[in-house]
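Here is the structure we will look at, set down as structure tokens.
There are 6 protein chains.
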Amino acid sequence: MKFDEAYSGNVFILSNPSFEDSNVVIYGMPMDWTVSFRPGSRFGPGRIREASLGLEEYSPYADRHLEEIRYFDAGDIPLPFGNPKRSIDMIEEYIDSLLEADKFPLGMGGEHLVTWPILKAFHKKYDDLAVIHIDAHADLREEYEGEPLSHSTPVRKICGLIGAENVYSFGIRSGMREEFQFAKESGMHMHKFEVAEPLKKVLPSLEGRNVYVTIDIDVLDPAHAPGTGTAEAGGITSKELLEAISAISNSGLNVVGADLVEVAPAYDPSEQTPIAASKFIREMLLGWTHKK
Amino acid sequence: MKFDEAYSGNVFILSNPSFEDSNVVIYGMPMDWTVSFRPGSRFGPGRIREASLGLEEYSPYADRHLEEIRYFDAGDIPLPFGNPKRSIDMIEEYIDSLLEADKFPLGMGGEHLVTWPILKAFHKKYDDLAVIHIDAHADLREEYEGEPLSHSTPVRKICGLIGAENVYSFGIRSGMREEFQFAKESGMHMHKFEVAEPLKKVLPSLEGRNVYVTIDIDVLDPAHAPGTGTAEAGGITSKELLEAISAISNSGLNVVGADLVEVAPAYDPSEQTPIAASKFIREMLLGWTHKK
Amino acid sequence: MKFDEAYSGNVFILSNPSFEDSNVVIYGMPMDWTVSFRPGSRFGPGRIREASLGLEEYSPYADRHLEEIRYFDAGDIPLPFGNPKRSIDMIEEYIDSLLEADKFPLGMGGEHLVTWPILKAFHKKYDDLAVIHIDAHADLREEYEGEPLSHSTPVRKICGLIGAENVYSFGIRSGMREEFQFAKESGMHMHKFEVAEPLKKVLPSLEGRNVYVTIDIDVLDPAHAPGTGTAEAGGITSKELLEAISAISNSGLNVVGADLVEVAPAYDPSEQTPIAASKFIREMLLGWTHKK
Amino acid sequence: MKFDEAYSGNVFILSNPSFEDSNVVIYGMPMDWTVSFRPGSRFGPGRIREASLGLEEYSPYADRHLEEIRYFDAGDIPLPFGNPKRSIDMIEEYIDSLLEADKFPLGMGGEHLVTWPILKAFHKKYDDLAVIHIDAHADLREEYEGEPLSHSTPVRKICGLIGAENVYSFGIRSGMREEFQFAKESGMHMHKFEVAEPLKKVLPSLEGRNVYVTIDIDVLDPAHAPGTGTAEAGGITSKELLEAISAISNSGLNVVGADLVEVAPAYDPSEQTPIAASKFIREMLLGWTHKK
Amino acid sequence: MKFDEAYSGNVFILSNPSFEDSNVVIYGMPMDWTVSFRPGSRFGPGRIREASLGLEEYSPYADRHLEEIRYFDAGDIPLPFGNPKRSIDMIEEYIDSLLEADKFPLGMGGEHLVTWPILKAFHKKYDDLAVIHIDAHADLREEYEGEPLSHSTPVRKICGLIGAENVYSFGIRSGMREEFQFAKESGMHMHKFEVAEPLKKVLPSLEGRNVYVTIDIDVLDPAHAPGTGTAEAGGITSKELLEAISAISNSGLNVVGADLVEVAPAYDPSEQTPIAASKFIREMLLGWTHKK
Amino acid sequence: MKFDEAYSGNVFILSNPSFEDSNVVIYGMPMDWTVSFRPGSRFGPGRIREASLGLEEYSPYADRHLEEIRYFDAGDIPLPFGNPKRSIDMIEEYIDSLLEADKFPLGMGGEHLVTWPILKAFHKKYDDLAVIHIDAHADLREEYEGEPLSHSTPVRKICGLIGAENVYSFGIRSGMREEFQFAKESGMHMHKFEVAEPLKKVLPSLEGRNVYVTIDIDVLDPAHAPGTGTAEAGGITSKELLEAISAISNSGLNVVGADLVEVAPAYDPSEQTPIAASKFIREMLLGWTHKK
């Protein structure tokens, strides 16, 4: 028996044992140092992996089987507790390595600030990048209580990096007045409250571009995702999020990377949030990465 | 440092420190003495305040900020445990004082029986009062197990007080046969199962009148509000309730008082019920009281 | 005082004390021996009974009262722990007795494998049987990990027994590729993702036939039924399931037996799952059995 | 198959099917109408029965097997919701019947007020009765908020009925000053904080008398019994309570009836409270009733 | 009705309405910004107040009644989220004001770092201060991940401020090797694992001095206090902590201030941790502050 | 960046990255197929690893630091769901490999049946093996419901394998009469109820022998370990178990392998059980394996 083969239960289901042979790399970012209300998303990646054991490996949505995709679950990036600055440097460097090795990075948060260093790495590689951002919160603050490195700021930073006109937000139902004003004035594309319908309308305009997709699990109503730090009533259903993921799959969009963030299992004794998240990861794997 | 200013964390977010300078008074009624199935709503007001700390102060639904409203969180009325009779007397007297001081009373339950003494006070001031009642339960019983003071009876009592034809119920999906018969025969307006659509149709007919709105959190499906005593499957979503609140805001209706009742936090370890309730209170503040 | 009359709290609300005088028999099957992911449905029947105490006895959906139906809650079949083979023999024999006594069997699971022996008994009595199957999972496996007696196989077995063309599945959103292929090739009728709409279209074609209905609670989204073993995001609402139950009631279909399975209370501290299940049982009693 | 035999899962494990052939009757009192802080003990008896399924039928403490005892689980007395007065009348009448039939009554609460009508019935039959009371709370109030029928008053009432000098309380760590003064002045025997040691010293003095034992589960520390309404830190361990039960068993005391009250399962998602309670009931059955 | 009197439910039970007339001030510090493992203690003070509603006002431990003490619950200090530096400045300034007004400060955390600014304020007033520190963790780190303001460092800082020989730690069962070495070499007094026995031995040596007492709730075993961030198995019972509090009360020690920290309610659905904490606060009020 | 180094969060804290360089191998056995009452221990190993992140790396009990031990966390053995026979074959083969490679096997369950194949492997290597068994349950059944492969039988099987006189059980408080009789008649050494005291007396007699130690977490009282399938009131404290582990460490006993089983996280929303288990694993690592 090879002891490397013994690993099971702590990686995403059907993970390919070899990094080299894989086109996709799943990785975790167990960080919640800047969370204001209810922290705990540092435990998200581990619980999504655990929940993946209950998944069917075939999807009737995508009519595809996980065995058709070669992905490697690389575990969690060992982020230093309480140090947002060094954490985001490590994430950027990590994504640099993945992109250099020509892998599709599929990240699991952790708090939403992690998307900022990921995009910094992508921006170095792709100069025509567009970002699809699915979330309850605008995340467009310039700073939070004087701190620019906050889980309320990543989308604002991304607008500065790649141009606000290349950022498409969906499902937004919470933020400061200034954030909504910025959305209006900056040229970014913000779609409030709804996700699937406006997304379908936007997708044709993104044809031919390299697109990164970031999903904050709190775009779901707390009924569908109680296990998150800043639950916000009035969200969409799991069904609508699955529909949105399928719409992207079916659009022929060139997705080059993606993440799913803010799963905080402590607030969800029923475990329905990591269970749903593992299904979304499966659909993202099957629909977005198969061309790799 | 003034010690009165030290208060934080136990009042609704951004509460104005002065009663006199405020147009609106938020108050709690920690009472669940007559609850038949699963008590616990006496802890509702405190948990709604706690959850309000996680709220954004701006609403993209109303495009208004809490700083535009001057409201004072007056804490809980000190109701005597286990004594429904004296409790409702105290509530009536309390509302009398608020109305005399020309404040908009925004109440948090507690069980639904509290709306009965509130309406007795309002009826003394307004002779053209209409009531909008949003709830899973008809609350039209004459008595419950021989007891007329029960959380199953307030709407029946209100019909007797202001005339059944002035009562508009929405979302009703549970009750005795006799209650549905009464609804039909008495001239009151009962809309079963749905809320937002029938409400929008009714609103124009209420123009120009003084209207009190009472919302029982269990109108929501238990998926959206598990933390309530008599959860009833088949309810509406948080989204629909937000839509209903907005519809009232946008109708120009003259709302003169309102309450939100039956949040029972013990049945909801995810805390999504008080989190949602605090958002509904914010929308009610922003949309219904700003003319004060 | 007669001690037999003392029984209360542990039978479904308003259960008739006499087996002989009843047309319907409610019974539990506390079995979860073959469950792969999260067991616990053996505690389902007891908790559904407990939750039934909070039900109104009148239904505004059916406009009928439980007193119009004569049903006897016969308790749980004493199934031998860990022995699927003997358990299913006992269930078959039990249903044989009920059918011989001309009762309408209304079963509560327990895992879904229980429906297999129930159908074996029904098949002996009715030669034109059709089955309506409402579920998140296809349950069409030939075996699970080499074991043909599994909660993933009952519908496949039923297809073999009564002919695949007599099986109508609704709401299916999870399964192996082979199961969906079997569904296509075998002539059975599988409707993916949705329940109420496709069901309404199918119902007229079943007129005049004897129909058995089996409902797996996990057809609901985990938001509406977190208390189940294999929660699967993207499901229907409680409202849609109530609509489906009503559609069957109103169709005049000749329902001859039914079950509701896979309630696993341990995963749902809010207890909304058994509370919803007890309401579905009420609607099934009122809508499907009243002709008995 | 006899349908009466089908009952399983909802009675205490190994319950004898026949009332007549049994020496002991287990019964539930699902009542919590007078509870001040956190209600819910009305669900206690059902959950203790459910948990009994996990019990070994043999006790290494008593070196006895449940098959050596003939007991009948008679279910719950159908107490009228919210009506303490009629409820206690029904309980008294119920115990009258049991005593007339020469059964050993073993009751499960429900709130502690139930012990008052039980003792009224016992007092009619036994004129030398002593009561052993094991509890965190003195329960010696004359009234609670003006109401003499309260779960804070039963022991005071019992003192009035059988003479304070015949009441022995153990483990008391909470009460009003007046209750502790009454304890001192009335001649009753109150042992604060500890149970097993003082009980062992008292037992010889009770030899030859007819003794009723009432145990409030909250005598345990909340660590050992979180599922109770008025949890009180600083209590005894489960081990000490088992030791106390054994001490009574081994003393040769003539126990004529007993109860275990205040299990409120909603506050204990781990279910350790009903699990422990079912074990205490087993030990009481094996140690106290076998002479019947 | 005076609206200031309406406050109830959100202050510690029986709180005196007047700051001026009170000798003791209870205050909350809702801060957990530096917590490494499981944050959430910012919600501690609010839940301790909520739980205090279930307390008896008389203590059989101290034989005293809360009415004998005049204390004012001043609410929470409005600490700025995520800003440890400004938070500790605000706490120090707050305590300065309380000491100037000659009040006994009784604080509720929040994380343990809050004790550092409290002690800075006390040190300015008292030059002979001794500190009794009851905790599972040594809290003697110089820094945590490079950060000197951490909930792992307060006791080290206090040693630097008032002299290690004036610090007495009890119950310590967790820390780095360096912390235990510092304890040995610095002259401070560390008692591992046990609390009540070593404390009783130490108390006589502190006679005549001004003493501050800080209790971290995690000194309790997680069985007795699951609701804390860094639960550490092998702790003491609630009973032993009550015994320790009583020992200090009975010693005649001149306690000049105290705090209880690290209650994090989210990890304790049974709520036994805030319930126990409110009892400890009661005993501290009754035993330590009555000479004020 | 090497991707193998990226692993973090899903292995036991400070795990050495190299199998070859390690003396100790930690491994998981995610199996609960034969559990009768409440399954779920298959999720134990993953949650113990997760909880280990909150551990201090130094132990004041052992005065040793985890860096002094070289251990490799090999992940979970990929046991086939629902197949006890093949699972135990795989475990035996796995342990064979570890022993051949001269590693100290430190296993995490899963259900207790896993200890049977482990001991079969050890028995092939050591002919003088003694077993220390710390548990609430005797586990001495010959079969359970006709099935010899059950979590109620492993100790009986081990008695047959290595001789009953070489088996030492501690803390036993539950079992069938036949099991206790077997314990008496077979020559094995069973110590009921207590652990630390009898163990200390037995240890000298085991000097010089090769000893395997198996700990079932349910030896703890449910207060200290609610997260287990067959919770049994009346157990020992975490403190006593730590004392027992230390006693073995200090005895100089030649421990050659060990396991900790039956952690079932679903029943413990406070997570205190995996938190405590990770501490026990730390103490076993530091005290029992350092001579490797």
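Protein chains in written order, with this note's numbering: chain Y, 3 to 294; chain V, 3 to 294; chain L, 3 to 294; chain B, 3 to 294; chain F, 3 to 294; chain A, 3 to 294. Note that CB positions come from ideal geometry on N, CA and C, so glycine has one too. It should be emphasised that the depicted structure is a prediction, and the values quoted were computed from it without experimental measurement.
Rounded to whole angstroms, what is the Cα-Cα separation between residue i and residue j?
i: residue 197 (chain A); j: residue 233 (chain L); result: 41 angstroms
i: residue 59 (chain B); j: residue 69 (chain B); result: 8 angstroms
i: residue 156 (chain Y); j: residue 116 (chain Y); result: 8 angstroms
i: residue 94 (chain B); j: residue 120 (chain B); result: 5 angstroms
i: residue 172 (chain Y); j: residue 285 (chain V); result: 22 angstroms
Does the beta carbon of residue i sit closer than 7 angstroms to a beta carbon anywhere in chain L?
i: residue 112 (chain A); result: no
i: residue 25 (chain B); result: no
i: residue 52 (chain B); result: yes
i: residue 201 (chain Y); result: no
Could one say the Cβ of residue i lies closer than 7 angstroms to chain Y's Cβ atoms, at least one of them?
i: residue 182 (chain L); result: yes
i: residue 270 (chain F); result: no
i: residue 190 (chain L); result: no
i: residue 41 (chain F); result: yes
Evaluate residue i with the Cβ neighbour count: other Cβ atoms within 10 Å of its Cβ, from every protein chain shown; 16 or more gives buried, anything less gives exposed.
i: residue 183 (chain F); result: exposed
i: residue 228 (chain A); result: buried
i: residue 3 (chain B); result: Because residue 3 (chain B) sits at a pLDDT of 41, beneath the cut-off of 50, its placement in the model cannot be relied upon, and the following sentence gives the value as read from the coordinates. Exposed, by the Cβ-count rule.
i: residue 177 (chain V); result: buried
i: residue 162 (chain V); result: exposed
i: residue 181 (chain F); result: buried
i: residue 87 (chain Y); result: exposed
i: residue 22 (chain A); result: exposed
i: residue 24 (chain A); result: buried
Find the residues of chain L that neighbour residue i, judging by a C-beta separation of less than 9 angstroms, and give them in chain order.
i: residue 71 (chain Y); result: Those within 9 angstroms of residue 71 (chain Y) in chain L number zero; the least Cβ separation is about 14 angstroms.
List, in order along the chain, the chain V residues whose C-beta lies closer than 8 angstroms to that of residue i?
i: residue 147 (chain B); result: 82, 83, 84, 85
Closer than 9 angstroms by beta-carbon distance: list the chain V residues that pair up with residue i, in chain order.
i: residue 251 (chain L); result: The premise fails here: residue 251 (chain L) is roughly 14 angstroms from chain V at the closest Cβ pair, so nothing lies under 9 angstroms.
Is there at least one Cβ from chain V nearer than 7 angstroms to residue i's Cβ?
i: residue 228 (chain Y); result: yes
Give a yes or no on whether 7 angstroms exceeds the smallest Cβ distance from residue i to chain F.
i: residue 198 (chain B); result: no
i: residue 19 (chain Y); result: no
i: residue 46 (chain V); result: no
Residue i CB to nearest chain B CB: under 7 angstroms?
i: residue 178 (chain A); result: yes
i: residue 240 (chain F); result: yes
How would you list, in chain order, the residues of chain B whose beta-carbon sits under 8 angstroms from the beta-carbon of residue i?
i: residue 267 (chain F); result: Near residue 267 (chain F) there are no residues of chain B at all, since even the closest Cβ is about 13 angstroms away, more than 8 angstroms.
Would you please verify whether the beta carbon of residue i is less than 7 angstroms from any beta carbon of chain A?
i: residue 236 (chain Y); result: no
Does the stretch 235-244 of chain Y come within contact of the stretch 178-191 of chain Y, defined as at least 3 CB pairs closer than 8 angstroms?
-> Judged by Cβ distances under 8 angstroms, the stretch 235-244 of chain Y makes no contact with the stretch 178-191 of chain Y, as fewer than three pairs qualify.
Sufficient close CB pairs (3 or more, under 8 angstroms) joining the stretch 203-219 of chain A to the stretch 88-106 of chain A | Output reads no: the stretch 88-106 of chain A does not touch the stretch 203-219 of chain A.
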